[in-house]
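Novice: Taken in sequence, the protein lines are chains B and S.
For the first sequence, my numbering begins at 2 and goes up steadily by one.
For the second sequence, my numbering begins at 2 and goes up steadily by one.
All C-beta atoms in this analysis are idealised placements derived from N, C-alpha and C, irrespective of residue type, glycine included.
Just so it is clear, the structure is predicted and the values come from calculations on it, not from any experiment.
Quick one: this structure, given as structure tokens, is what I'll be asking you about.
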Amino acid sequence: MDKQNIQSESAISCKSINKKYDTIEALKGVNFEVERGEIFGIIGPDGAGKTTLFRILTTLILADSGTASVDGFDVVTDYKEIRKRVGYMPGKFSLYQDLTVEENLNFFATVFNTTIEENYELIKDIYQQIEPFKNRRAGKLSGGMKQKLALSCALIHKPSVLFLDEPTTGVDPVSRKEFWGMLKNLKAQGITILVSTPYMDEAGLCDRIALIQNGQFLKIDTPKNIVNQYENKLWAVQSDNMYKLLNDLRANELTSNCFAFGDKHHVSVSNEQLSIKSLKETLDKLGHTNIEIREIEPTIEDCFMQLSQK
Amino acid sequence: MEKTIQHNSNKVIIAENLTKKFGHFKAVDNISFEVERGEIFGFLGANGAGKTTAMRMLCGLSIPTGGKGLVAGYDIGKQTELVKKNIGYMSQKFSLYDDLKVWENIELFGGIYGMKDQEIKEKTDELMRALNFESERNKLVGSLPLGFKQKLAFSVSIFHNPQVVFLDEPTGGVDPITRRQFWELIYDATSRGITVFVTTHYMDEAEYCNRVSVMVDGKIEALDSPKNLKNQFNANSMDEVFQQLARKAKRVDS
Numbered sequence: 002m003d004k005q006n007i008q009s010e011s012a013i014s015c016k017s018i019n020k021k022y023d024t025i026e027a028l029k030g031v032n033f034e035v036e037r038g039e040i041f042g043i044i045g046p047d048g049a050g051k052t053t054l055f056r057i058l059t060t061l062i063l064a065d066s067g068t069a070s071v072d073g074f075d076v077v078t079d080y081k082e083i084r085k086r087v088g089y090m091p092g093k094f095s096l097y098q099d100l101t102v103e104e105n106l107n108f109f110a111t112v113f114n115t116t117i118e119e120n121y122e123l124i125k126d127i128y129q130q131i132e133p134f135k136n137r138r139a140g141k142l143s144g145g146m147k148q149k150l151a152l153s154c155a156l157i158h159k160p161s162v163l164f165l166d167e168p169t170t171g172v173d174p175v176s177r178k179e180f181w182g183m184l185k186n187l188k189a190q191g192i193t194i195l196v197s198t199p200y201m202d203e204a205g206l207c208d209r210i211a212l213i214q215n216g217q218f219l220k221i222d223t224p225k226n227i228v229n230q231y232e233n234k235l236w237a238v239q240s241d242n243m244y245k246l247l248n249d250l251r252a253n254e255l256t257s258n259c260f261a262f263g264d265k266h267h268v269s270v271s272n273e274q275l276s277i278k279s280l281k282e283t284l285d286k287l288g289h290t291n292i293e294i295r296e297i298e299p300t301i302e303d304c305f306m307q308l309s310q311k
Numbered sequence: 002m003e004k005t006i007q008h009n010s011n012k013v014i015i016a017e018n019l020t021k022k023f024g025h026f027k028a029v030d031n032i033s034f035e036v037e038r039g040e041i042f043g044f045l046g047a048n049g050a051g052k053t054t055a056m057r058m059l060c061g062l063s064i065p066t067g068g069k070g071l072v073a074g075y076d077i078g079k080q081t082e083l084v085k086k087n088i089g090y091m092s093q094k095f096s097l098y099d100d101l102k103v104w105e106n107i108e109l110f111g112g113i114y115g116m117k118d119q120e121i122k123e124k125t126d127e128l129m130r131a132l133n134f135e136s137e138r139n140k141l142v143g144s145l146p147l148g149f150k151q152k153l154a155f156s157v158s159i160f161h162n163p164q165v166v167f168l169d170e171p172t173g174g175v176d177p178i179t180r181r182q183f184w185e186l187i188y189d190a191t192s193r194g195i196t197v198f199v200t201t202h203y204m205d206e207a208e209y210c211n212r213v214s215v216m217v218d219g220k221i222e223a224l225d226s227p228k229n230l231k232n233q234f235n236a237n238s239m240d241e242v243f244q245q246l247a248r249k250a251k252r253v254d255s
């Protein structure tokens, strides 16, 4: 390290970052640190501020206030150093559509003063899957192949920190699993990864996550700790008429809230007076049949909903 | 198929051996299914399985190269304009015009579907009340949060009271609470007799459908209620069902 300061301990450090667009506060005092070699997930819906945060950290826009560093370098004063060291895959496909797969990769390698051969080992697993199509123009690739090419291009200069902005949005569940497998392999090679996603089920694949909504972090922790900090008991409830069940559960004064979760409803219960047995009796009286209630461990989505309602 | 399809008022969508070839590539390969009036039908598949092509044919936007289809009682090969008149469509990618106001978007789409001014006016008032949107009526759609926008887009897609509405990944990127409110709007629409044909990448949403089909390499590999599919594949969730089926895919997406 040619710069020694406290921040250089972390791969990414953000302190009180604020950013406004006209009257909209895109980021409101964001603080967090990402350790070297971590997969850190920024999880939240569209419009929460994820992309703004990525653009500040990759030195593409300036924050209104606050400080941030990447790989020990300040995003304002040392932006040129940062650009050499990071890989960035924006949410929108940003490669040259009228260049071929190979030409795109070559272009990015050249820009960073390197060659495909020099760092081939790093991208091999990913690039080999699209190599049969290396003479095809990037604009003619399918979504999945574009994603692999974009990741290869972001990696070709062997970055120390990789920024992936919603790499799996609109991607089917099978391809999403594959993509996360690739990230695990990159982590094993010592690359720090900051990745954003609107899919809450991907949270468990990160070492730590930040839940973001309306420009603010609701929580930063490991997925397991976030689940453990869920405040109420959570029950999964089923019956033969799920739509009526949802309304009946919401109307019940002893439940805190209730949301549909696939084939079950998740009911948050803070009141100690309510037992599974008594709720079952109540639902029975309301005419429900085949009622099943059991206590379950919350998912990250349950936690997000609880935190976002505070 | 030799025989002609009989129009049956309880079947809003009928596909028989529906096929679409691009050159030698069979994007949609001989699919057959029926959707009942008032049903929520989930149309799943991996990227490149042929969902979009099939949906475009059902909406009268692309002519099949083989097989037959009836949507809302009209032939998707020959009566495409009548098909379009009787359906609604909404996707995450295109829904409303950002630079028009809320009421202007409603008026535009109502007008396109041939609704009378008076009817548009009355139904707009009704809709604004139902969505609790009265203070947003004069705002530009572009200034609304995504969740609001998606709920409004869905309401606009069924504003002309179509027999069936096609929803292409309607909830992508939406926050978890709004995503669930969106599904409550879908339930409400079906309670009024509108049929819903929906694609999604959220597998928990597949569970909300009455029946679900899973496309793999242009073919429908499975079609049943979520409960029966889970039994059939010995799976705990629709995600597991999907993973088992989609892993069989041989083609390198479209």
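For Glu302(B), return the contacting residues in chain S, with the cut-off set at a CB-CB distance below 8 Å.
Specialist: Near Glu302(B) (Cβ distances below 8 Å), the residues of chain S are Pro177.
Novice: Over what stretch of residues does the beta strand (DSSP E) that includes Ala27(B) continue unbroken?
Specialist: Ile25 to Val35 is the extent of the beta strand (DSSP E) around Ala27(B).
Novice: Any beta carbon from chain B within less than 7 Å of Arg181(S)'s own beta carbon?
Specialist: Chain B, which has a Cβ nearer than 7 Å to the Cβ of Arg181(S), makes this yes.
Novice: Given a threshold of 16 other Cβ atoms within 10 Å of its Cβ, counted over all protein chains shown, does Lys307(S) qualify as buried or as exposed?
Specialist: The requested residue 307(S) is not part of the displayed model; chain S covers only 2 to 255.
Novice: Indicate whether at least one CB of chain B lies closer than 7 Å to the CB of Gly61(S).
Specialist: So no, Gly61(S) is outside the interface.
Novice: As a quick exercise: from Ile124(B), Met201(B), Lys265(B) and Asp47(B), pick the residue whose alpha carbon is nearest that of Tyr244(B).
Specialist: Here the closest residue by C-alpha is Lys265(B).
Novice: Start and end of the beta strand (DSSP E) containing Gln214(B)?
Specialist: Here the beta strand (DSSP E) through Gln214(B) covers Arg209 to Gln214.
Novice: Measuring only between beta-carbons, confirm whether Phe94(B) sits less than 7 Å from chain S.
Specialist: So no, Phe94(B) is outside the interface.
Novice: Could you give the residue range of the alpha helix (DSSP H) that holds Asn248(B)?
Specialist: Looking at the DSSP string, the run of the alpha helix (DSSP H) that includes Asn248(B) is Met243 to Ala252.
Novice: From which residue to which residue does the beta strand (DSSP E) around Met216(S) run?
Specialist: Looking at the DSSP string, the run of the beta strand (DSSP E) that includes Met216(S) is Arg212 to Val217.
Novice: May I ask you to report which of helix, strand or coil DSSP gives Glu17(S)?
Specialist: Correct three-state label for Glu17(S): strand.
Novice: Since I believe Leu250(B) is in contact with Val268(B) (beta carbons under 8 Å), could you give me their beta-carbon distance rounded to a whole number of angstroms?
Specialist: The Cβ separation is near 5 Å, so the contact holds.
Novice: Over what stretch of residues does the alpha helix (DSSP H) that includes Thr81(S) continue unbroken?
Specialist: Residues Thr81 to Lys86.
Novice: Please identify the residue among Gln214(B), His289(B), Gln274(B) and Glu34(B) whose C-alpha is closest to the C-alpha of Ala12(B).
Specialist: Cα-wise, what sits closest to Ala12(B) is Glu34(B).
Novice: Would you call the CB atoms of Lys12(S) and Glu40(S) closer than 7 Å?
Specialist: No.
Novice: Cutting at 6 Å between CB atoms, please list the residues of its own chain near Val238(B), excluding the five before and the five after it.
Specialist: Excluding positions up to five away in sequence, the list reads His266, Val268 and Ile294.
Novice: Which partner residues does Gln239(B) have in the DSSP bridge list?
Specialist: Per DSSP, Glu293(B).
Novice: Rounded to a whole number of angstroms, what is the C-alpha to C-alpha distance between Asp169(S) and Leu147(S)?
Specialist: Cα to Cα, Asp169(S) sits roughly 16 Å from Leu147(S).
Novice: In chain B, what lies closer than 9 Å to His25(S) by C-beta?
Specialist: Residues of chain B passing the Cβ test: none, with the nearest at roughly 17 Å.
Novice: Determine, using beta carbons only, whether Gly216(B) comes closer than 7 Å to chain S.
Specialist: No, Gly216(B) does not count as interfacial toward chain S.
Novice: Which class does Gln245(S) belong to by DSSP, given the choice of helix, strand or coil?
Specialist: Helix at Gln245(S).
Novice: So which of Pro163(S), Leu224(S), Val29(S) and Ala223(S) has the shortest CA-CA distance to Met195(S)?
Specialist: One detail in the question is off: residue 195(S) reads as Ile in this sequence, not Met. The candidate whose alpha carbon is nearest that of Ile195(S) is Pro163(S).
Novice: Sorted by chain position, which residues of the same chain lie with C-beta nearer than 7 Å to Gln8(B)'s C-beta, five sequence neighbours on each side aside?
Specialist: Reliability of the predicted coordinates at Gln8(B) is poor, the pLDDT of 44 falling under 50, and the value obtained from them is presented with this limitation in mind. The residues are Ser14, Ser70 and Gly73.
Novice: What does the alpha-carbon distance come out to for the pair Leu156(B) and Gly173(S)?
Specialist: Going from the Cα of Leu156(B) to the Cα of Gly173(S) covers about 27 Å.
Novice: Ala247(S) versus chain B: which residues are under 7 Å apart at the beta carbon?
Specialist: Those within 7 Å of Ala247(S) in chain B are Asp173 and Val175.
Novice: Please identify the residue among Ser95(B), Tyr128(B) and Lys141(B) whose C-alpha is closest to the C-alpha of Thr101(B).
Specialist: Minimum Cα distance to Thr101(B) is reached at Lys141(B).
Novice: Tell me, please, whether the CB atom of Phe55(B) is closer than 7 Å to any CB atom in chain S?
Specialist: By this cut-off, Phe55(B) is not an interface position.
Novice: Taking the C-alpha atoms as reference points, what is the distance between Asn215(B) and Asp47(B)?
Specialist: Cα-Cα distance, rounded: 10 Å.
Novice: In chain order, what residues of the same chain lie with their CB nearer than 8 Å to the CB of Ser153(B), ignoring the 5 residues before and after it?
Specialist: Cβ neighbours of Ser153(B) beyond the five flanking positions: Leu106, Ile124, Ile127, Tyr128 and Ile131.
Novice: With distances taken from CA atoms, which of Lys94(S), Leu62(S), Asp126(S) and Gln93(S) is nearest Glu82(S)?
Specialist: Nearest C-alpha to Glu82(S): Leu62(S).
Novice: Do you know how far the Cα of Glu123(S) is from the Cα of Val196(B)?
Specialist: Distance between the alpha carbons of Val196(B) and Glu123(S): 47 Å.
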